[in-house]
Every structure is written in structure tokens, then in C-alpha cells.
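Per this note's numbering, residue 1463 is the first one in the sequence shown, and the count goes up by one each step. Idealized CB from N, CA, C, for every residue including glycine. If you're wondering where the values come from, they're calculated on a predicted model, not measured in any experiment. Here the structure is laid out as C-alpha cells; the discussion comes afterwards.
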Amino acid sequence: MPASGGNVAALTFSINNQPQQVLKRAPKDGGVTNDVTPTTSLADYLRLHSQLPGTKTMCREGMCGACVVNVTSQNPATGQMESRAVNSCMVPINACQDWKIETVEGIGNRRDGYHPVQARLAHMNGTQCGYCSPGMVMSMYSVLKSGGEVSQERVEQAMDGNLCRCTGYRPILDAFKTFSEESDAKTKQLVKDIEETAGCRGRSGGSCQPTEACAGCPRSAALTSAANDWRLPTTLQQALGDLSSMAAGGKSVRLVAGNTAMGVLDKYNAPSDGYISLLKVPDLRVIKRPGASKETSWCPATASSVVFGAAVTLSELIEELQALSKTAGYRHCAVMAQHLLVVANTPVRNAATWAGNLMIKHRHREFPSDVFLLLTAAKARLKIAEGRQVEEMPVEKMYEISMNNKIIVSMSLPPMDEGKYVFKTYKITPRAISAHAYVNAAFVLPFDSATTKVTERPTLLFGGISDKFVHADATERYLTGRRLDEGTLQGALAILLDEVRPYPDPELADVAYRKTLASNLFYKMVLHTLGDRVPARLRSGGEDLTRPLARGTQEFDTDKKLWPVNQAVPKLEAQIQTSGEAEYVGDQPAAPGELHGYYVLATVGSAKVDAINTLAALAVRGVRAVLTASDVIGSNNYLTFRAYIPLLGMDEKSMMPQQVFAEDRVQFCGQPIGLVVADTMEIARKAAALVRVEYAEVAPPVLTIRQALEKQPEGRQQSKFVPANLTTGDVEAGLNSAPHRLKGEWEMASQYHFTMETQSVRVVPCEDGQLNVFCAAQANKEVVDVISGVVNIPANKINSEVRRLGGAYGGKITNPMPIAAAAALAAVRLNKPVRIVLDIETNIAMCSGRMPYLVSYEAGFDDTGKIHGLKMHVIANAGYTNTVLSFIEPSHVMHMVKSVYRADNWSVTPGTVTTNQPMSTACRAPGTTNAIAAIEMVMNHVAHQLNKDPWEVRQANFALPTAEVPTPMGTEQDNKVFSMMINEMFDKGDIKQRKAEINAFNKANRWRKRSLALLPMLYPVGTMAKMSALVSIYDNDGTVAVSHGGVEMGQGLNTKVAQVVARELGVPLDQVSVKPNNSLANPGSTVTGGSIGSEWCCMAARSACQQLLERLKPFRAAEGEPQRPWLQVVQMASGKGGVNLSAHCVQAPKPAGYSVLGLTAAEVELDVLTGENRFNRVDLYEDAGQSLSPWVDVGQIEGSFAMGMGLFLTERHRYDPATGQKLTNRAWNYYPPTHKDMPRDFRVKLLKNNKNDIGIFNSKATGEPAVCMSSVCLMALQQAVAAARRDSGHNDWVTINAPSTVEDTQMACQTSAEMFVLS
């Protein structure tokens, strides 16, 4: 920054032991647009100002964990230094005064040596795409840095704020649990070997960096001279004075401690006029036990209560509550602490304060604050100060007063006589952790255990009902003085159901569920209170569904004769991923003058664009342009994968062109209308909000297939767009001859890809009118093609490069194309580098997801369950237009739906409809997952109708060898493998014994049910891909470099290619380097997807290697002579022979495919009263042929299954029916699974003894089949629901759609208050 005599040090701290200063500009120094501001986050400071991009960002609300860093600071109340993990995306840089901040680069790197945490995660296969890995590392590092015993439970708890879409979490937890004192001798030797191999020089609890840096040369940044005021008081009186003076004249002032509200409900609020950090005020951090000697005027100790200062974090509160729970009068604190452990997640709780949580609810009364419920139930009292006045009041009283110019000082927690009171709380959430409640509750029941009488008025508190409902007053009054018997229970339930009136909100769970849940939680509390007074069969209803520690096993074979192929090796990129050195598009350093783009999106789902007013946006300082369709140089219209249209025999006229920017009409809410280009992303975002779009002819959006069918009844018929179908035999005859028939309909919703790296692109204009393009895309060729058409530049002047993606799963096939085109347009128009990195809200709003389906079926079958005839119609929601992918995917459904079953007399047809949604795109195992789930739901329905075990029905329908079809599974060997896996599953999986145990458990438990489902799979792998590879040998040292046409996105493609190249050329694996994919070396490769990218790239690379070996032959030693060293051969060929040491080959499509077989058993346990469920065990067998890289393939299988669990269980989109807006547009309300949602016991086996002549080295695809098998979770849940319904007298079939969330699952059980008994 320019020197200025008026600049003063406003802020000092250190990053990785390097002192930092943020200097405040003098008012006369106007500054620049990229100055630090009071709202600049620590994450942005690290990435943009300190050039430390190892710290990632994605959600910017503390829900994904990508941004975690370690912070060490002094506790002002104790004077002690404390270390903790925090989400840097929510920490204002101004709050970092005197902090010692450590990032992933600082604790270990290639230069200084890797930290043991980094090394163990890398070498134990704990990374795939690697985007989440730095955050994972820092969460674990903070556990070590903070000291104390490291247990496996503590490790799992510490990782509850870190999401991973790729791995399924198991290898991450395994790697970090090696730090536990519980590790055995074998594990200790393993980690010793890992750390020696990785060259670790760090300590388990420290970094590899020197502890001191040059104190005389701090790095500096500039703080804007804008009027935003930031104060850092060191006493409470000073804070109150600052608040009074700063708020004068009605100015807005924000009190800052944890600042976590900014990631929740205040994310995009306008900046305040002033800020006061409370982190340095000792009185606000005190914790005083009863009778403590040390007192302050603000927080005096009391004889009986515990006092907590207002800036005590939730983590500190939990720790103190756990300690207090061992003391008489405070046993209930154990319940409070346990409840708080499911509030947010560890990094958030490390920063968030209990008082801040109360203030969130004060501003947002609808917020279901757990802290509010707990403290209210516990009769806590608050001290609130204004000026020199302090008022004490109950927690609830605070919500009756204005908090302007007031500060919460402390909270006192009185003892509670556990002999007189039952204290019980609940929080029911869409997933196990890091989710806000559907409904939460806190109950305090004054209970005489001798008489079972409610001795005084109880406290019944609920959250998640409405902004006004907290106390169930009428029910409290009714219970007072009554015995807790069945009559009282029913009377209380009737009153409760009358007074609980949830407010409708399309973003929240259904009103009926929230109402039901309130009564069910009350019943659970009564069962808990009465304990063994109620029959044993009812008692589990009063228990919480707990989650034991996760564990798993992985089995595979390896043939040393093939090594390094078929060898279990760490991914090539693993170590640089865990150290934050792996570079993603958004991490690339900014070029001089680089600009940022932010989209203007449509706010309605169907309307004409009448006018676009950009004047206000253009007036913002730092805005360089607002681009719309009228600014497009070439064509605003494009068709994805246009080259495939004639190859597939499609009619181009049946498809509406996609648009870079909406022109005449908007087709969906979230469609791009314009792009604001500015000096910083923050300026662009703020300016985009100022663009005014006027609409005409606004129509209600069509969002679902059922809505679309009202105007598109042809969707019920064979699609004219997709002519494929599956038709065998005489369907009508089969149906008519069957003793039994049934009909049903089943829905499968969309899924957001939830890549940790959002859509990201950089375009840099360069000489000769060329463009250097860096786009996070799975289809590099298509990116070039679309850019070429939009900016009217020949393809040979577009230099597109892809190094790696931070996750993709199909989400970076079509979605990046218009974004790359918009960035290119801005770069050409302004002749400046342009970067677009979507925030999560924009990413979800404008990008396509998994294609939804509505499946209707009619089946005829006999007493064994064998299907004699089947009609199935599968309707796909293509979004606002049909595309090549919406042609291919329903065709996959037709190809896949028969799976392992005999398809005699079947008619399966596709239908298609269009809606006001983004055009659908591929998502991991597109169509195939839907097909498998559809036919398996039919099998479950048939089994239910016959009251048979669903596995028996599946067996009755297996496609067994016949004279006409001797190899129904693919090959004769496939037939044997299928039989073998069934036998092994029943043997090693103890299936029969476990089913018997489950039946006994279900008979013994009315309100808890278990089930075990088995799901077989035959996955036909298509081989219509084309991939290229360039292999070069360097004569200087004999090392090898490869560039291939695939895209590494976590699937281990680069590792497999390197293994194949090393084996073919006979060089060590560490001598092979894989370079980025670029449009010069690989101009025509197809999209990386369908799980075959790795195989095809390996084939192309092997062909190139074989060419090189042929060229080197003349320089090998003659037969009988000593073998010449590799380097000598290479140098002779290059020097003497002038041999070309580069070879380029293309692997063309193959006409024949192959099959992947699989079998999965899943055991679930269901809490019937809440809908919460836990998968106790999953056994997954997959035929991987001869795995190219077993650790990679096991990781792919586990991660695929995890993503499928989200699809079938937790990931639901909710919409505003009036506008079509996706309301679940953030990590705050869209829920991929966490590690606590994973199976508690996950056993994966790669089957041996199968060969695949089509695949390289007999390998098979692994990335997508496991997603298909994840529908076993839905089948298991359906069976558990059926068991619950039978106990309620409901023997009819109930459809369980996907996803079956906690809400949907409980409602399917159809419990009602009259079923709630005590005898």
C-alpha cells in the first residue's frame, strides 16, 4: 500500500508466526477498492491479502468447515492462552487483535516438512478432491494444540463441523483416530512408518514452522478510511460508554464476540455504522462457581448459582456444564451439555457465545434457539446493563424489552433438586449434527416418584412452532397437581395439540409434522420420566437415539506381479491437498487489474423481461460494467454437446437453446440476467443487488412433474423426445394371468451436487487476441466450444487448462459452460482478466441438479413374488428445456431398470415434461440410480403385499441362466461372481441370525424398529468415451510427464494413470508426473464422467507408452548382454537416435460394454416417534474386476454410497411456490450427510476373481455403482416404517419417496396421540 504519514496501526496479530499490521488510512487518503474493511473476514484476508489460499471458502456460514484455522489468544478473565479451531469465514479481521493464527500452510508444507496430521490423512487415503482437506487438517490440529487427552470420541466430536462430499468420512476419521491414546501397537507402527516416509518434522501439537519470525518486519495491509467505526474496549464500563456514544443519532452498532450470526440469519445485512468487539472484556468471560472468592462489580459470585459472563463461548459453557453435572444440584447440566453438543458444530461453538445466541433470537423471534430453551427451562437469570444501570431478569423477560444500547453482562444458573424435578430436552433435526431443529423442546417436570404426581406447574417449552409460541401454557396448567397416568397423558395431549399451532413456511417442515412432533416429544418425556413403571416394550420410546463411534473394514486383493498397478498407494495429490498446496481455480493468484463477476439472477420463475435498469449499480465505486444479453459479441444461444445430436439421432428443433443471459423471457427463478463486473467480488455482489429488473406477463411457476402433467398430459405417454424403452413378451397377458396385482406411484427428487468448490472460472486476455481459460469443468472441449461461439473467437485461440476440481459428480459438465462464456465475454469487452467464483446461494439458484422422476407401475405376480408382468412409466423432469443429457439419462433408465432380474413381459417407457427449473444435468450415476431404486421399490411393494421377506421376492425374480440367455449377468464368470457374493454375504454378514435378532427386537419394542434390507445390482457400464494422452520422457533424468484428456476431480484418475505409465515403462511411480489437462494436448476428449474416465485415460496412456517403448527398442541392450539402465537407454535414443520421446494416443469408444455386480446389506434403526434413524451396519460388496488402485477404489465406493445416502435420506429442496425460488439455497438449510449420519459399522469389500477383458488390466468402474446400491437405505427404512405401521394397525402399503427425510419417515409411520399408552 502507498506510504502515508497519516496511516496508523489499527490492528496487529500474527499469521504462522509472521507479524501482521493492518494500517488505518488517514481520512484524506481515499484508499482503493480492495482495502480491508470492518467486514472483511479473516478468510478473505488470508486468501486475498496474505496469499494463503490453503484456507478454503465455500458456504461462508460456518457449516462446511473448509475455512477452519487454529487461533491462540489470551482469555481476558484468566490470563491464560487458549487454542481453538474457528471458521475464518465468519471472523471479522478487526476481531483478530493479538491473535496468533495458524493456517494449513503454516503447520507443515513441502519446504519445512509435513505435520503428522497432514501426513496421516494423506497416507491413509483420507482425501479425494482435496478441497475440504485443509479444514479437516486444521480441525484435528486444533485438538492436538489445545491439549488434553485425545480419545476417539473427542476426534469424532471435533470433526462435526467439517463436511466432505467425496470420501464418506471413514478414512478421515481413521487417520485422525491414530492420535488417540487408544491406538494399538499395529496402528502406532503404521503411523511411525507414514511419518518417516512423509518426512514429518512437526510435533503432534505444534507446527513445522519456526516458533518465532522476524518481529521487525511485519506484513502490512490497508484498512479503509470509511466512516465505519470499530472499538476494542478492555473494560465493561468502556464498552458501555462506547455503545452509548457510537449509537448517538440513531446509528447502528453491532456488538461482536463470536460473530456467528453473520453466517446464519444476518449474512447479507448491510454493514453497521459501528462495531464493538467484546473479546477483551474480562467481566464478560468470567465463569464463577457458587461461593467463588474472586468478585467483580459486574459479575458478583452468588452463594448457590453459577455465573457465566456473556462472552463465554458455547464450547466453554459445555465444558463447565459437564464438570458441574458431577455436583449435587447440577446433575441436569449433563442434559444441557449433551443438548448443546448438537448445536451448530465445534468450530462454531468455539466462537459463538451463549449471549449472542440469545440475541439472534431477540432479532429473529422465529429462530429455534436451543440456548434460549435450555436457559429458560433451567430458570437462569440475566444481568443486562445500560450505561451504569444493571437490571436482573429471567431469560424470557429479555424478549419483552428493547435491547438498544444494552449489553448482556452475565447469566446465573441456579441449582435444581434432581430428586424433585425431571429435566429433559430434545432437538430433532434433518441430520445428526450441524442443523437447526425441526422442533426442539425443554421440559421441567416437578415429579413425585412415590405418587407419580406432578407437584407444581411444569415447564413445557417448544421451539420451531412459531415466533410467538414458547410455553405450552394450557398444558402446563392442566398437568399441575395431577398424577401422571394414562388419563392425564391423553388429556394433556389433547390440550397440547390444540394449543400448538405451527406457522406455515415453505422453507420449514410441514405444519402437520411439527405439530405431531410436539406431542410425540411430550410423550417421550413422559416415558422417560416413568422409566421402568411402564412396560418394557414401551421404554425405548423414552430413550434418545444415540450414535456410537464409527468403524469399518475394507477388504481387497492385490497382485504384486502387477505393481505399481493394483497396488494400494496414496493418491498422487494427497499430500499437497492436506497441506493446502494443491491449487484450485479460485486459489490462483490474481493478475494485475483482475476483475470479479457477480450475477444478477431472475427473481421469478416465468415472466417476460421488460426492462433492466443498471444505473444504480454502475454508480457504485469500483464497478466496471454490467453485462447483459445485448452485450454478447457472438451468439447468446448455445446447445450443450451439440456434436452428439446427430450421432444420437436427436431432433435439434425439439430443444430450446440455452442462453448465457436471459433475453426475452426468464424460464426459471435464478436464471442469469446480467453480470456485474467490479474490482472485488464484494463490490460486485453489492452492486448486483442494485440492478432493477422489471417483469411482465408473470406466471405461476411450474415446479413439479405433477404440476407439469396438468398442462402436459402427454408426459404420461411414451416420450417422443426419448424413443428408447424396454419391451419384452406380452405384458397384458402376463398381468392377466398373475394371481396378484398391484399399482403404485413413487417419486425421486432432485439433488444438489454440493461440490465443496463452487463453479469457478478465470479468463485472462493475452497476446494475439487469445484467451487463457482456467475453468473448473469436467468437459474442457465443451467449454472451449461455447466460449468460441459467445465471444466469436476461433477455438485455436482459446487456451483452456484444467488442473483439478474440488468435487464435481456431474455438476461441472454443463453448468460451467455459460459461466465460462460470461467471464470470457467480460474479459474481451474490458480487456481485463476476469474471475467468477460463485457463492453457494448463486451456485444453487442458477445451476442444474439431478433429474427428478415420477414412476408409476403396475405388477402382476404369483405367490412366490415372481413377477409375471410389469408396466412401468418413468417421467423425467428435464427442467425448462430438453437437452442431450435429458435424452441420454432416461435412456439409461430403460437400459438399467431390469438390473439382476428376469424381464419377461415387461413394458418400461419414458416420459418427459418441462418445468420452470434449471435444465437438469448429470449427477453421479444419472438415471441408473433412479432405475435401480424404481425396480427395487416394486420388489418391496410386492413383498409387502404378500407379507414376505423382500429378499425372497428378489430371489424369485433373479435372471438365472437359461438356454436362450446363458449369461444373464453379462458373462459366465459374472454369473459365478453373483452367486458367490450372495453366499459370502449371508455367511460373513450373518444375515439370517441378524434378521432373527431384528424380529425379536421389533416384537420387544413398540417405538423403536429395526430392519435389514439386501439389494443386488447389475450396473451396465457404457464405453462410448474418447480420451487422449500425451506421454513425454525427459532425457535429462529419465523422468516422465503425462497430460491426459480426463479431469482429476477426486476419483484418483491421475494416480491410476501414473501407476499404469510407471508399470508400462518400468520406472518408479515417483518418477511420473501428471500435468494439467489442456486444450492443446487434448483438444477432443469427451467429458470425464460415467466412471470410465480413468480407464480410458489409462488405455490412452498405455498406448502412448507402448509407442515409446517401441521407439526405444533399438537402444536396448542386445539379447544376452547386460541390461542397460533406463536413463542410458533414454539418453541414447534422444541423443544418438534423435528419437521423439513424446507420444500422443487416443483411446476411441468401444462398441461393447461390461457389467459391474454388487450386493449391499443395510441395517437401520428407527425412532418411530421422531423419525430419526441410524444405520447400525452396512456391508457393501462390489465387483471391481482387478482394481487399478485399491485404496482409490474403496474410497470411491464409500464416497459414492455416502452421496447416495444424502439423495435418499436427507437432501431435500424446498421452493417458494409463488416465485419458484429454491429456499434451501445454503449449507444452513440444505443437508448432505455428516460423518455422524454415516453407517456406524461400514464394511466394504472389492470382490476378487472376476475379470474384465474390456477394461485395462481387468479393471472395472467403481465411482457410480455404489450410488445405485445406496437405495438399500430407502428400502431398509421402508421396511422399518412398515413394521411400525403394523403395530399401529396399518397393514396397507405406504409409499416412501426419495428423499425420505426424518420428517417424511415419521409421518409415514402414522402415529397419533390415541396410540400413546403407558400400559
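CA-CA distance, residue 2189 to residue 1897, rounds to 45 Å. Taking a cut-off of 8 Å on C-beta distances, the stretch 2310-2323 touches the stretch 2390-2407, as three or more cross pairs fall below it. Between residue 1751 and residue 1771, the C-beta gap is not smaller than 9 Å, which leaves the two residues out of contact. Secondary structure remark: continuous alpha helix (DSSP H) runs of at least 4 residues inside the stretch 1907-1986, in chain order: 1935-1941, 1948-1961. Per DSSP, reduced to three states, the secondary structure at residue 2461 is helical. For residue 2061, the uninterrupted beta strand (DSSP E) run begins and ends at 2057-2063, by DSSP. The criterion of a C-beta distance shorter than 9 Å is not satisfied by residue 2095 and residue 2292. In the three-state DSSP reduction, residue 2575 falls in the helix class (H, G or I). Residue 1524 is positioned such that its CB atom lies no closer than 9 Å to that of residue 1815.
Taking a C-beta distance under 9 Å as the contact criterion, residue 2210 and residue 2759 qualify as a contact pair. Under the three-state reduction of DSSP, residue 1795 is assigned to helix. One alpha carbon belongs to residue 1804, the other to residue 2674, and they sit about 21 Å apart. Straight across, the Cα-Cα distance linking residue 2075 with residue 2216 is about 33 Å.
For residue 1820, the enclosing alpha helix (DSSP H) stretches over residues 1816-1825.
Of all alpha-carbon atoms in 2413, 1781, 1694, 1800, the one lying nearest the alpha-carbon of residue 1741 is that of 1694.
Of the residues 2148, 2128, 1889, the one whose Cα lies closest to the Cα of residue 2085 is 2148. Here residue 1797 is buried, its C-beta having at least 16 other C-beta atoms within 10 Å. Within the DSSP secondary-structure output, residue 2495 pairs in a beta bridge with 2502.
The beta carbon of residue 1822 lies closer than 7 Å to those of 1723, 1726, 1727, 1829, 1831 in the same chain, with the five residues before and after it left out. Counting only the Cα atoms, residue 1516 lies some 17 Å from residue 2511. Taking 9 Å as the cut-off, the beta carbon of residue 1526 is found closer than this to the beta carbon of residue 1625.
DSSP, read as helix, strand or coil, puts residue 2406 in helix. In this structure, the alpha-carbon of residue 2594 lies about 22 Å from that of residue 2565. Spatial neighbours of residue 2522 in its own chain (CB-CB distance under 8 Å, excluding positions within 5 residues in sequence) are listed in chain order as 2027, 2560, 2563, 2564, 2567, 2650, 2718, 2719.
It is roughly 38 Å from the alpha-carbon of residue 2416 to the alpha-carbon of residue 2031. Straight through space, the alpha carbons of residue 2276 and residue 2179 are spaced by roughly 28 Å. Taking 9 Å as the cut-off, the Cβ atoms of residue 2495 and residue 2604 count as close. Around residue 2163, the same chain offers 2067, 2068, 2378, 2682 as residues with beta carbons nearer than 6 Å, after the five sequence neighbours per side are excluded. Taking a C-beta distance under 9 Å as the contact criterion, residue 2722 and residue 2614 do not qualify as a contact pair. Within its own chain, the residues whose Cβ lies closer than 8 Å to the Cβ of residue 1993, once the five positions on either side in sequence are excluded, are 2001, 2004, listed in chain order. Your pair residue 2421 and residue 2363 checks out as a contact, with CB atoms roughly 6 Å apart and the cut at 8 Å. Beta-bridge annotation (DSSP): residue 2390 is not paired with any residue. The beta-carbon separation of residue 2089 and residue 2120, rounded to 17 Å, does not stay under the 8 Å limit for a contact. Note on the stretch 2501-2547: whole beta strand (DSSP E) runs with a minimum of 3 residues are 2502-2506, 2534-2536, in chain order. Per the C-alpha coordinates, the member of 2761, 2060, 1531 positioned closest to residue 2153 is 2060.
DSSP places residue 2339 in the strand class (E or B) of the three-state scheme.
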